[in-house]
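K.L.:
First the structure, then my questions, so here it is.
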Amino acid sequence: LSYGLGIAYALQGALQVVLRLEIDLVSVERNLQYCEETPQEEPRSARVHNVEPAPLCDAWPDAGRLAFVDVTLRYRPELPPALRGVSFSVEAGERLGVVGRSGSGKSSLVSALLRLVEVENGAISVDGVDVRSVPLARLRAGIAVVMQDAVMFSGDLRYNLDPARACTDEALTRALRRVRLCAEADDAAEKLKEAVGEGGDNWSAGQRQLICLARAILRGAKVLVCDEATSSIDAETDGVVQGVLRERRATMLVIAHRLETILDSDRVLLMDAGAVAEEGPPAE
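Using full-length UniProt numbering, read the sequence shown as starting at 1 and increasing by one per residue.
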């Protein structure tokens, strides 16, 4: 009887192992399915658009001129266009403010510029180069973006500022001091070791946004996009962000939530229903 009970327990344990193995294999099958069947971005979609790959210099983009020419974009074929024949240009070093109601197409400009969604019609160029002819990794490396929702990773402050470990400690410290996250009297080395929780939950919303701004400064990109970057932070932090942006010598596309954000812009673009409704100096 004792041996029989032992065999029963062993069979029960073996059955549990088999059931768990079956569940795990289903998980593996689903992961393989997602990896193999989920549509992914192509590193370069030039052939799709019949655009020849462009020869790029190492410093591209070295000026930061932007041009949208008759751009139409829709997120799915059955949906109405998010952008309708949008045309405008931004000169090197110019700051363009973009305003409009929710759903007017402001953030779709960023999606089109970074090729998060391929345009249906028209063309976008950076320094005269059609972005469709540029590999995605190269295109996005040349444009710094500060979004409304700050992206933070679990680790330390150094990793969040420079995930690729390409910058020196001195450069990291300078960036932190420019965004007022590190005072002159602070120990810079210790500051860079400060912990960052998942999603940056141990930092305030304003501090997270300043860290993202410092990350953009370190990139040294000639094109900087701010997509409502100050909409969820306090007025004091907003003032710091605006001060840093005034010092930047780069072409800026500033999508604004607050009118104060675009008062320093060279020009303002008013979007309405996916089209450019008005364009001109802020005073107008």
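We put the beta carbon where it would ideally sit given N, CA and C, even for glycine.
If you're wondering where the values come from, they're calculated on a predicted model, not measured in any experiment.
Assuming A123 and V69 form a contact by the criterion Cβ under 8 Å, report the distance between their Cβ atoms to the nearest whole angstrom.
P.N.:
If you number the sequence shown from 1, residue 123 lands on position 123. If you number the sequence shown from 1, residue 69 lands on position 69. A123 to V69, Cβ: 5 Å. Contact.
K.L.:
Measuring only the C-alpha atoms, how far is L66 from L25?
P.N.:
What you label residue 66 is simply residue 66 of the sequence shown in a count that begins at 1. What you label residue 25 is simply residue 25 of the sequence shown in a count that begins at 1. For L66 and L25, the distance between alpha carbons rounds to 49 Å.
K.L.:
Measuring only between beta-carbons, confirm whether I262 sits less than 7 Å from chain C.
P.N.:
Within the model displayed, chain C is absent; a lone protein chain is all it includes.
K.L.:
Going by DSSP in three states, C167 sits in which element: helix, strand or coil?
P.N.:
In the sequence shown, residue 167 corresponds to position 167, counting from 1. Looking at C167 - three-state DSSP - the assignment turns out to be coil, as it is neither helix nor strand.
K.L.:
Give every residue of the same chain whose Cβ lies closer than 6 Å to the Cβ of R215, excluding the five residues on either side of it in the sequence, and list them in chain order.
P.N.:
Against the sequence shown, residue 215 aligns to sequence position 215. Closer than 6 Å at the Cβ level, and outside the excluded window around R215, lie L161.
K.L.:
Within a Cβ cutoff of 8 Å, which residues of the same chain sit near E247, ignoring the five residues on either side of it in sequence?
P.N.:
Locating residue 247 in the sequence shown gives position 247, counting from the first residue. Cβ within range, chain order: R178.
K.L.:
Quick check on the burial criterion: 16 or more other C-beta atoms within 10 angstroms. Buried or exposed for Q16?
P.N.:
Locating residue 16 in the sequence shown gives position 16, where the first residue counts as 1. Result: exposed.
K.L.:
Go through the segment 208-238 residue by residue and report every complete run of the beta strand (DSSP E) that reaches 3 residues or more, in order.
P.N.:
223-227, all fully within the segment 208-238.
K.L.:
Could you please give the first and the last residue of the uninterrupted alpha helix (DSSP H) stretch that includes R258?
P.N.:
On the sequence shown, position 258 is the one that residue 258 refers to. That residue, R258, is in no alpha helix (DSSP H); it is neither H nor E in DSSP.
K.L.:
Which same chain residues end up closer than 7 Å to F88 when comparing Cβ atoms and leaving out the 5 residues on each side of it in sequence?
P.N.:
The residue given as residue 88 occupies position 88 in the sequence shown. Excluding sequence neighbours, F88 sits near F68, L269, V276 and E279.
K.L.:
Return the CA-CA distance between A10 and C167, expressed in angstroms with no decimal places.
P.N.:
Within the sequence shown, the letter at position 10 stands for residue 10. Within the sequence shown, the letter at position 167 stands for residue 167. The alpha-carbon atoms of A10 and C167 are separated by roughly 58 Å.
K.L.:
Can you find the residues in the same chain that come closer than 6 Å, C-beta to C-beta, to G200, ignoring five residues on each side of it along the sequence?
P.N.:
Working through the sequence shown from its first residue, we reach residue 200 at position 200. M152 and R208, listed in sequence order.
K.L.:
On a Cα-Cα basis, can you pick out the residue from R219, P163, P61 and T230 that is closest to L192?
P.N.:
Locating residue 192 in the sequence shown gives position 192, where the first residue counts as 1. Looking at the Cα atoms, P163 is the closest of the given residues.
K.L.:
Under a three-way DSSP split, which group does D24 fall into?
P.N.:
Along the sequence shown, read from residue 1 onward, the residue named residue 24 stands at position 24. DSSP places D24 in helix when its eight states are reduced to three.
K.L.:
Between the alpha carbons of V48 and Q12, how many angstroms are there, rounded?
P.N.:
Taking the first residue of the sequence shown as 1, we reach residue 48 at position 48. Taking the first residue of the sequence shown as 1, we reach residue 12 at position 12. With a pLDDT of only 49 at V48, under the threshold of 50, the placement of this residue in the model should not be trusted; the figure read from the coordinates follows. Roughly 57 Å between the two C-alpha positions.
K.L.:
Report the CB separation of D227 from V99 in whole angstroms; it is logged as a contact under 8 Å.
P.N.:
Mapped onto the sequence shown, residue 227 falls at position 227. Mapped onto the sequence shown, residue 99 falls at position 99. D227 to V99, Cβ: 12 Å. No contact.
K.L.:
Just mark R20 as buried or exposed, buried being the case when its beta carbon has 16 or more other beta carbons within 10 Å.
P.N.:
What you label residue 20 is simply residue 20 of the sequence shown in a count that begins at 1. By the 10 Å Cβ count, R20 comes out exposed.
K.L.:
What's the C-alpha gap between I255 and M271?
P.N.:
In the sequence shown, residue 255 corresponds to position 255, counting from 1. In the sequence shown, residue 271 corresponds to position 271, counting from 1. Looking at the two C-alpha atoms, the distance is approximately 10 Å.
K.L.:
If the criterion is Cβ atoms closer than 7 Å, does the pair G274 and P81 meet it?
P.N.:
Within the sequence shown, the letter at position 274 stands for residue 274. Within the sequence shown, the letter at position 81 stands for residue 81. Contact: yes.
K.L.:
Kindly indicate which three-state DSSP category V119 falls into: helix, strand or coil?
P.N.:
Here the question's residue 119 lines up with position 119 in the sequence shown. Reduced to three states, the DSSP call for V119 is coil.
K.L.:
How should A137 be labelled, buried or exposed, when 16 other C-beta atoms within 10 angstroms of its C-beta is the threshold for buried?
P.N.:
Counted from its first residue, the sequence shown places residue 137 at position 137. When all chains shown are included, A137 counts as exposed.
K.L.:
Does DSSP put S87 in a helix, a strand or coil?
P.N.:
For the purposes of this step, residue 87 is taken as residue 87 along the sequence shown, with counting starting at 1. Looking at S87 - three-state DSSP - the assignment turns out to be strand.
K.L.:
What is the residue span of the beta strand (DSSP E) that L73 lies within?
P.N.:
By 1-based counting over the sequence shown, the position of residue 73 is 73. It spans L66 to L73 - the beta strand (DSSP E) in which L73 sits, taken as one unbroken run.
K.L.:
Relative to the C-alpha of L218, which residue among Q148, V244, L259 and V28 is closest?
P.N.:
Numbered from its first residue, the sequence shown carries residue 218 at position 218. The residue with the shortest Cα to Cα distance from L218 is V244.
K.L.:
Taking DSSP as the reference, what is the three-state secondary structure of G6?
P.N.:
The residue you call residue 6 lines up with position 6 of the sequence shown. It is helical.
K.L.:
On a Cα-Cα basis, can you pick out the residue from G105, D169 and D149 that is closest to R158?
P.N.:
Translated into positions along the sequence shown, residue 158 becomes position 158. Per the Cα distances, D169.
K.L.:
Distance, Cα to Cα, A59 vs A183?
P.N.:
As a first step, residue 59 is located in the sequence shown; it is residue number 59 there, counting from the start. As a first step, residue 183 is located in the sequence shown; it is residue number 183 there, counting from the start. Going by the C-alpha atoms only, they are around 32 Å apart.
K.L.:
Would you please state the rounded distance, in angstroms, between the beta carbons of P253 and V225? I believe it to be under 8 Å.
P.N.:
Here residue 253 corresponds to residue number 253 of the sequence shown, with the count starting at 1. Here residue 225 corresponds to residue number 225 of the sequence shown, with the count starting at 1. One detail in the question is off: residue 253 reads as Leu in this sequence, not Pro. Yes, they are in contact, since the Cβ atoms of L253 and V225 sit about 5 Å apart, within 8 Å.
K.L.:
Buried or exposed for residue 286, going by 16 or more other Cβ atoms inside 10 Å?
P.N.:
Given that the chain is displayed from residue 1 to residue 284, the structure contains no residue 286 and the question cannot be resolved.
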